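Visitor: Position one of the sequence shown corresponds to residue 106 (my numbering), numbered consecutively onward. Every residue gets a Cβ at the ideal spot worked out from N, C-alpha and C, and that includes glycine. What you are looking at is a predicted structure, and each value in this text was computed from that prediction instead of being measured.
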Amino acid sequence: MLQRLKDWLALTAAEQKVLLFLATAFVIGVGIRLYQETVPSPQEFDYRTADSTFKALSSKLDDHPDGHGRQDTARLVNLNTASKEQLIKLPGIGETTAERIILYREDVGKFEAPEDLKKIKGISKKKYDQLKSLITVQ
106 MLQRLKDWLA LTAAEQKVLL FLATAFVIGV GIRLYQETVP SPQEFDYRTA DSTFKALSSK
166 LDDHPDGHGR QDTARLVNLN TASKEQLIKL PGIGETTAER IILYREDVGK FEAPEDLKKI
226 KGISKKKYDQ LKSLITVQ
């Protein structure tokens with residue numbers, strides 16, 4: 106019967122190879138499709154609840170003008186009275202910068218505003234922006 110089919114189609118050897126390749130590709134494709142239908146798809150995570158929680162928490166922070174929530178004034182570092190150790194605990198303030206702040210206080214006098222901190226060598230605008238919610242002058 107196979108011989109009769111070959112005779113009826115009258116395919117050359119190259120045509121037979123192409124036909125065999127196409128049939129094999131078709132069978133593999135159908136097999137992959139069937140496999141995908143039987144394997145469950147990965148569970149999709151619903152981000153809506155996490156997003157709403159994040160939004161609710163961040164809106165509490167946005168209620169405060171500086172965006173950091175209500176800052177307890179007891180936690181703020183007073184630039185006019187802070188010790189070297191207290192200044193070093195501030196982010197981006199090392200031993201040398203803390204000494205410069207104390208020298209500024211001794212030489213120039215009290216800080217009139219938190220922005221005066223930018224007059225200290227080593228305090229850039231970027232570093233000041235990180236510190237402004239953590240410092241006070243009284």
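Leaving out five residues before and five after residue 210 in sequence, what residues of the same chain have Cβ atoms less than 8 Å from its Cβ?
Guide: For the purposes of this step, residue 210 is taken as the residue at position 105 of the sequence shown. Answer for residue 210: 184, 185, 216, listed in chain order.
Visitor: In this structure, how does DSSP classify residue 79 when only helix, strand and coil are distinguished?
Guide: Absent from the model: residue 79. The displayed extent of the chain is 106 to 243, so no value can be given.
Visitor: For residue 227, I'd like the list of residues in its chain whose CB is within less than 6 Å of its CB, leaving aside the five on either flank, ordered along the chain.
Guide: Residue numbering aside, residue 227 sits at position 122 when the sequence shown is read from its first letter. Here residue 227 has 202 as same chain residues with Cβ atoms under 6 Å from its own Cβ, once five neighbours each way along the sequence are excluded.
Visitor: Let me check one thing: in DSSP terms, what residues is residue 185 bridge-paired to?
Guide: On the sequence shown, residue 185 is found 80 positions in, with the first residue counted as 1. Answer by DSSP bridge pairing: none, since residue 185 is not bridged.
Visitor: Could you tell me if residue 192 is buried or exposed, where buried requires 16 or more neighbouring beta carbons within 10 angstroms of its beta carbon?
Guide: Numbered from 1 along the sequence shown, position 87 holds the residue referred to as residue 192. Its Cβ being crowded by 16 or more others within 10 Å, residue 192 is buried.
Visitor: Using a threshold of 8 Å, state whether the C-beta atoms of residue 223 and residue 230 are closer than that.
Guide: If you number the sequence shown from 1, residue 223 lands on position 118. If you number the sequence shown from 1, residue 230 lands on position 125. Yes. Within cutoff.
Visitor: Is the separation between the beta-carbon of residue 240 and that of residue 219 shorter than 8 Å?
Guide: Start at 1 with the first residue of the sequence shown, and residue 240 comes out as number 135. Start at 1 with the first residue of the sequence shown, and residue 219 comes out as number 114. Yes; because the gap between Cβ atoms is below 8 Å, this pair is in contact.
Visitor: In whole angstroms, what separates the C-alpha of residue 145 from that of residue 152?
Guide: In the sequence shown, the residue the question calls residue 145 occupies position 40. In the sequence shown, the residue the question calls residue 152 occupies position 47. Their Cα atoms are separated by approximately 21 Å.
Visitor: Using DSSP bridges, identify the partner residues of residue 240.
Guide: Within the sequence shown, numbered from 1, the residue matching residue 240 stands at position 135. DSSP lists 182 as partners of residue 240.
Visitor: Tell me the DSSP secondary structure of residue 123 in three-state form.
Guide: For the purposes of this step, residue 123 is taken as residue 18 along the sequence shown, with counting starting at 1. Helix, per DSSP.
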